[in-house]
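Undergrad:
And the structure:
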């Protein structure tokens with residue numbers, strides 16, 4: 327089955343990004359495809375490569391980048407939400423790309439299930 | 004992309020306190036531009052999004068409530084409000100800035116069951 | 003339909019609103035909503051009552067993280083993340099009550 331994921335909250339502040347990540351990992355282990363993860367609202371903060379958590383904490387941003395690379399997941403950051411919050415191409419982490427809201431709607435159309443994680 | 008899916012946007016949060024109501028509306032307009040079957044549901048504090056006479060000058064924030072009236076121009080005409088949420092807030096249809104269909108909780112639940120994609124922010 | 007709840011029922015009305023609307027289907031409690039799967043709080047009666055028409059699941063890792071795995075209401079089913087995925091796949095659609 328083809329899954330689309332929406333992440334509405336930033337990393338470390340709210341559990342949404344963690345739950346979404348663990349859901350994606352489990353979906354892939356079950357043989358499903360995670361077609362696209364769309365980051366919206368404060369969720370765009372998951373995409374900055376300037377993120378530096380303490381060493382004993384999980385690296386939420388790099389974890390997304392790695393999962394995307396290994397399983398060809400399209401990580402899309404909403405352009406309007408990103409620009410509002412200072413996320414741009416220059417500070418984008420590996421595997422993420424900035425695009426429009428149409429990518430979210432397309433995920434709803436193209437996937438079998440769209441699952442939203444937020445506050 | 005010729006496939007048409009039923010998208011429902013569930014709004015349960017008040018405007019201005021957080022950005023969700025505004026950003027939800029942006030997705031609604033894009034979804035309509037993709038020629039999908041769009042409906043909006045307003046429950047809980049989400050019904051406050053439709054309150055008439057919003058004046059945001061004093062908080063220096065854009066008043067986006069006129070957009071709800073413009074939805075018709077994008078062929079978004081299915082706006083559903085949960086009766087119980089309206090009543091719990093002392094509001095009636097007269098207090099709302101657009102024409103809506105008022106549904107009971109159970110009717111709203113049945114409508115949610117029929118959707119392909121349910122988005123909430 | 004799969005209803006996904008992520009807020010504590012004692013501090014937020016998400017579960018309450020979901021129970022009001024949902025006639026049948028599955029409810030999955032994740033994140034702070036796992037407190038709704040436990041005994042002894044003021045929402046327990048409503049949750050037990052809902053179990054007659056809805057199947058209730060709880061995300062076990064979230065329950066364990068909050069130290070309440072031993073207080074689960076009988077009849078609530080425990081799932082891991084894989085089970086979460088299965089629930090989404092098994093239901094025709096899903097909704098997160100944010």
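Protein chains in written order, with the working numbering: chain Z, 327 to 445; chain C, 4 to 124; chain B, 3 to 100.
Backbone N, C-alpha and C define an ideal beta-carbon position, used for all residues, glycine too.
Express the C-alpha separation of residue 376/Z and residue 114/C in angstroms, rounding to a whole number.
TA: Approximately 43 Å, taken between the alpha carbons.
Undergrad: Could you pull out every unbroken alpha helix (DSSP H) segment of at least 4 residues lying fully inside the segment 81-123 of chain C, listed in chain order?
TA: As far as the segment 81-123 of chain C is concerned, its whole alpha helix (DSSP H) runs of at least 4 residues are 86-91 and 108-116.
Undergrad: In the segment 381-412 of chain Z, which residues sit with their C-beta less than 8 Å from some C-beta in chain C, listed in chain order?
TA: Residues passing the 8 Å Cβ filter: 406 and 407.
Undergrad: Could you tell me which of 80/B, 94/B, 32/B and 93/B sits nearest to residue 340/Z, measuring between CA atoms?
TA: Nearest option by C-alpha distance: 32/B.
Undergrad: Figure out for me which residue from 123/C, 108/C, 95/C and 72/C has the closest Cα to the Cα of residue 81/C.
TA: Nearest C-alpha to residue 81/C: 72/C.
Undergrad: Is the beta carbon of residue 372/Z sitting closer than 9 Å to the one on residue 428/Z?
TA: Contact flag unset, no.
Undergrad: Count the other C-beta atoms from every protein chain shown that fall within 10 angstroms of the C-beta of residue 309/Z, then say buried if there are 16 or more, exposed otherwise.
TA: A query on residue 309/Z cannot be resolved here, the shown segment of chain Z reaching from 327 to 445 and no further.
Undergrad: Do the segment 12-32 of chain B and the segment 42-54 of chain C make contact, defined as three or more Cβ pairs closer than 8 Å?
TA: Short answer: they touch.
Undergrad: Given residue 32/C, which residues of its chain have a CB within under 7 Å of its CB, disregarding the five upstream and five downstream residues?
TA: The residues are 77.
Undergrad: Can you tell which of 39/C, 22/C, 58/C and 43/C has its C-alpha closest to the C-alpha of residue 111/C?
TA: The shortest C-alpha separation from residue 111/C is found at 43/C.
Undergrad: At the 9 Å Cβ level, is residue 16/B part of the contact set with chain C, yes or no?
TA: With 9 Å as the cut-off, residue 16/B counts as an interface residue toward chain C.
Undergrad: On the CB-based measure, 16 or more other CB atoms within 10 Å of its CB, does residue 432/Z come out buried or exposed?
TA: Buried: at least 16 other Cβ atoms inside 10 Å.
Undergrad: Select from 342/Z, 367/Z, 363/Z and 444/Z the residue whose C-alpha is nearest the C-alpha of residue 395/Z.
TA: For residue 395/Z, the nearest C-alpha among the options comes from 363/Z.
Undergrad: Are the beta-carbon atoms belonging to residue 96/B and residue 90/B less than 9 Å from one another?
TA: For residue 96/B and residue 90/B, yes; Cβs fall inside 9 Å.
Undergrad: Strictly under 9 Å for the Cβ-Cβ distance: is residue 84/B near chain Z by that measure?
TA: True, the Cβ-Cβ gap to chain Z drops below 9 Å.
Undergrad: What's the gap between the Cα of residue 53/B and the Cα of residue 400/Z?
TA: The alpha-carbon atoms of residue 53/B and residue 400/Z are separated by roughly 38 Å.
Undergrad: Shortest alpha-carbon distance to residue 403/Z belongs to which of 418/Z, 382/Z and 389/Z?
TA: For the residues 418/Z, 382/Z and 389/Z, the minimum Cα distance to residue 403/Z belongs to 418/Z.
Undergrad: Identify, in the order they occur along the chain, each residue of the same chain with its Cβ nearer than 7 Å to the Cβ of residue 397/Z, setting aside the five sequence neighbours on each side.
TA: Excluding residues within five positions, the ones whose Cβ falls inside 7 Å are 354 and 360.
Undergrad: Could you check where the beta strand (DSSP E) with residue 5/B kicks off and where it finishes?
TA: Counting along the chain, the beta strand (DSSP E) containing residue 5/B begins and ends at 4-7.
Undergrad: Sorted by chain position, which residues of the same chain lie with C-beta nearer than 6 Å to residue 70/B's C-beta, five sequence neighbours on each side aside?
TA: Same-chain partners within the cutoff: 40.
Undergrad: Measure the C-alpha to C-alpha separation of residue 38/C and residue 103/C and round it to an integer number of angstroms.
TA: Cα to Cα, the separation comes out at about 21 Å.
Undergrad: Identify the continuous alpha helix (DSSP H) that holds residue 27/C and give its terminal residues.
TA: Residues 23-36.
Undergrad: Taking the beta carbon of residue 14/C as the centre, do at least 16 other beta carbons fall within 10 Å, making it buried, or is it exposed?
TA: Answer is buried; the Cβ neighbour count reaches 16.
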